[in-house]
Each structure stands twice: as C-alpha cells, then as structure tokens.
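Q:
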Amino acid sequence: MKIFIGCSKHFYSKIDEIKDILEENGHKIALPNSFDDPFKEEKIKNNKEEHIAWKSDMMKRDKINIKPNDAVLILNFEKHGKPNYIGGATFLEVYKAWELNKKIFFYNPLPKCSFTDELKGINPTIINGDLNLIK
0 MKIFIGCSKH FYSKIDEIKD ILEENGHKIA LPNSFDDPFK EEKIKNNKEE
50 HIAWKSDMMK RDKINIKPND AVLILNFEKH GKPNYIGGAT FLEVYKAWEL
100 NKKIFFYNPL PKCSFTDELK GINPTIINGD LNLIK
C-alpha cells in the first residue's frame, strides 16, 4: 500500500522509525510537505507576503501529495500538554484524504478539540500505535 504520512512538524523526528517499520511491512511511504525543512514557516513568518504564498502552496500540495496514495497515516502525539494533537494543516490533509476516498489511519485516538465531531464523521481507523493494523 502507498501511504502518505501527515502530522505536525513537531513530530517529524518520529517519522523515520515509523517509516522504516511500514517499509519493512511492504508499504511505500510519502513524506509530509515540508519534511526537508520542518521549521521553514517559522523562518518566514515575519514576511507576510512570503508566508501567505508559502502556506497557500503547502495547502495546494495536499491533493498532489495525497491523490497517488492509497491511505494516509496521521501521527497524533502529545504536543504542549495536548494529547493526540493535530493542527489545522493536518486536519486539512485528513479532510482531503476523506474527500479523495482514501483510507485514513490515526496512530492514536482522536484528539478532543474544536473539530473532533468532524473527525468522527470522517470515521478514521484508530490503530493505537499498532502499525500492523495498516492493511
């Protein structure tokens, strides 16, 4: 299966280990948009026009990145005391995957946040850290 990994840039350090396991299980992995420079956004936020253009480009890439894959795996870990965190950009990736009728897996249970009901409506598969459940 071809799998796109989506998550907060704060979790990118966890991707390599998960990617290796998935590849050992025979999957092909696509990495997040800014994996090569996770904190680029922080570097350009002071330039309003550059930041808007960059953020817009990242959102436009969602369809391009997700469409060729069979599934998305959302890595949702604790961030700043918030369990199972996903942010706005990751939510948009989840929504795009749902819109494209892709399988959607969450590494941990759904977060309790302002869009929990929408995530429930998308009805992802929760794997509770068991990568062998991705089939």
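Here the sequence shown is numbered in numbering that gives the first Met the number 0, starting from 0 and rising by one per residue. Just so you know, even glycine gets a beta-carbon here, dropped at the ideal spot from N, CA and C.
One question on the structure: do Ala29 and Phe10 come within less than 8 Å of each other, judged by their Cβ atoms?
A: No, the pair does not count as a contact, with Cβ atoms beyond the cut-off.
Q: Expressed to the nearest angstrom, what Euclidean distance is found between the alpha-carbon atoms of Ile51 and Cys6?
A: Going from the Cα of Ile51 to the Cα of Cys6 covers about 20 Å.
Q: Of all the alpha helix (DSSP H) runs that stay within the bounds of the region 48-120, which reach a length of 4 or more residues?
A: Whole alpha helix (DSSP H) segments, 4+ residues: 87-98.
Q: Which of helix, strand or coil does DSSP assign to Lys27?
A: If DSSP states are grouped into helix, strand and coil, Lys27 belongs with the strands.
Q: Buried or exposed for Phe90, going by 16 or more other Cβ atoms inside 10 Å?
A: Flag for Phe90 reads buried.
Q: Determine the direct distance from the alpha carbon of Glu92 to that of Lys27, and round the result to whole angstroms.
A: Between Lys27 and Glu92, the C-alpha separation is close to 18 Å.
Q: Which same chain residues, not among the five before or five after Trp97, have their C-beta less than 7 Å away from its C-beta?
A: Contacts found: Ile103 and Ile121.
Q: Go ahead and pull the three-state DSSP assignment for Ile4.
A: Note: Ile4 maps to strand in three-state DSSP.
Q: To the nearest whole angstrom, what separates the beta carbons of Lys101 and Asp129, a pair I think is in contact under 8 Å?
A: Going by Cβ atoms, the distance from Lys101 to Asp129 rounds to 20 Å, so no, they are not a contact pair.
Q: Using DSSP with H/G/I as helix, E/B as strand and the rest coil, what is Ile126?
A: In the structure shown, Ile126 sits in coil (DSSP, three-state: anything other than H, G, I, E or B).
Q: Any heavy atom of the ligand MG closer than 7 Å to the Cβ of Gly5?
A: In the structure on display, the ligand MG does not appear, and there are no ligands present to speak of.
Q: On the three-state DSSP scale, how would you describe Asp35?
A: Note: Asp35 maps to coil in three-state DSSP.
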